[in-house]
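Just add 78 to wherever you are in the sequence shown, counting from 1, and you've got the working numbering.
Note sheet for the following structure.
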Amino acid sequence: MHHFLVPLTSGSVPWRTWLRTILRIATFGLFFVNRRGQIAHLLRSALSCLTVALTAGLLLIGLLLWWLFSLV
């Protein structure tokens, strides 16, 4: 699982690398959980995590933009 974290440690990463890493982790997670038959539970928790992450990301972007425009 070490190669999953390689793109996360470097500085400026193109969005395609992020996307590929996220997809790799997601497919690995789905394959791992599929053997136990808990996909529905995984999808529910992944959706809630994604919602929280998107909300936090949008808040962070909003704060950053507000800070940038307050400097002008």
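Using N, Cα and C, we set each Cβ at its ideal position, and we do this for glycine too.
Whole-angstrom distance between residue j and residue i, CA atom to CA atom
i	j	result
Ser123	Ala104	13 Å
Val150	Arg98	36 Å
Leu146	Gly135	16 Å
Ala131	Leu138	10 Å
Arg102	Trp96	10 Å
Ser126	Ala118	12 Å
Thr133	Arg94	21 Å
Whether residue i touches residue j by CB criterion (8 Å)
i	j	result
Gly107	Leu128	no
Where residue i falls: helix, strand or coil (DSSP)
i	result
Val130	helix
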